[in-house]
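*Asks:* If you read the sequence shown in my numbering, its first letter stands for residue 227, the second for the next number, and so on.
The C-beta atom is built at its ideal place from N, Cα and C for all residues, glycine as well.
Quantities reported herein were computed from a predicted structural model and do not represent experimental measurements.
There's a structure below that I have some questions on.
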Amino acid sequence: MGDAAKSANQSKAQVDMRFVPQLPGGRKVFPAEREGRFVWLVSEGAMTPECLTEMRDYLTHIVGNGMWTQNWSGPSRSV
């Protein structure tokens with residue numbers, strides 16, 4: 227992939243990590259993707275705000291450079 231294509235993908239990369247009070251089954255993190263957006267839910271107390279920011283930056287890089295993609299064939303799911 228050329229630099230222009232990578233740059234275009236990076237600007238479209240949408241990654242979010244959100245703190246939630248708790249997750250089912252005592253999970254600490256849970257991927258809750260929706261069409262066009264990668265969303266990770268993080269149980270409060272399982273990760274520092276600094277770690278959350280750093281992980282979001284890594285994930286934005288991975289998604290923005292096409293190393294992780296979504297393929298939606300059915301109706302949209304929302305978080």
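Ends of the beta strand (DSSP E) at Leu-278?
*Replies:* Here residue 278 refers to the residue found at position 52 of the sequence shown. Segment 275–290 is the alpha helix (DSSP H) holding Leu-278; no beta strand (DSSP E) there.
*Asks:* Let me check understanding here. Comparing Cα to Cα, which of Lys-254, Thr-295, Asp-242 lies closest to Ala-273?
*Replies:* Sequence index remark: in the sequence shown, residue 273 carries index 47 (1-based). Before going on, a small fix: residue 273 reads as Met here, not Ala. Nearest option by C-alpha distance: Lys-254.
*Asks:* With distances taken from CA atoms, which of Glu-280, Asn-291, Gly-292, Asn-297 is nearest Asp-242?
*Replies:* If you number the sequence shown from 1, residue 242 lands on position 16. That would be Glu-280, whose Cα lies nearest to the Cα of Asp-242.
*Asks:* Determine whether the beta carbon atoms of Trp-294 and Phe-264 lie at a separation below 9 Å.
*Replies:* The sequence position of residue 294 within the sequence shown is 68, counting from 1. The sequence position of residue 264 within the sequence shown is 38, counting from 1. Yes, the pair counts as a contact, with Cβ atoms nearer than the cut-off.
*Asks:* Looking only at its own chain, which residues have a Cβ that is under 7 Å from the Cβ of Glu-259, when we skip the five neighbours before and after it?
*Replies:* Here residue 259 refers to the residue found at position 33 of the sequence shown. Cβ within range, chain order: Val-265, Gln-296.
*Asks:* What do you reckon, are the CB atoms on Leu-267 and Arg-244 nearer than 9 Å?
*Replies:* Position 41 of the sequence shown, counting from 1, holds the residue named residue 267. Position 18 of the sequence shown, counting from 1, holds the residue named residue 244. In contact: Leu-267 and Arg-244 (Cβ atoms closer than 9 Å).
*Asks:* Quick one: grab the DSSP three-state call for Pro-250.
*Replies:* Position 24 of the sequence shown, counted from the first residue, corresponds to residue 250. Reduced to three states, the DSSP call for Pro-250 is helix.
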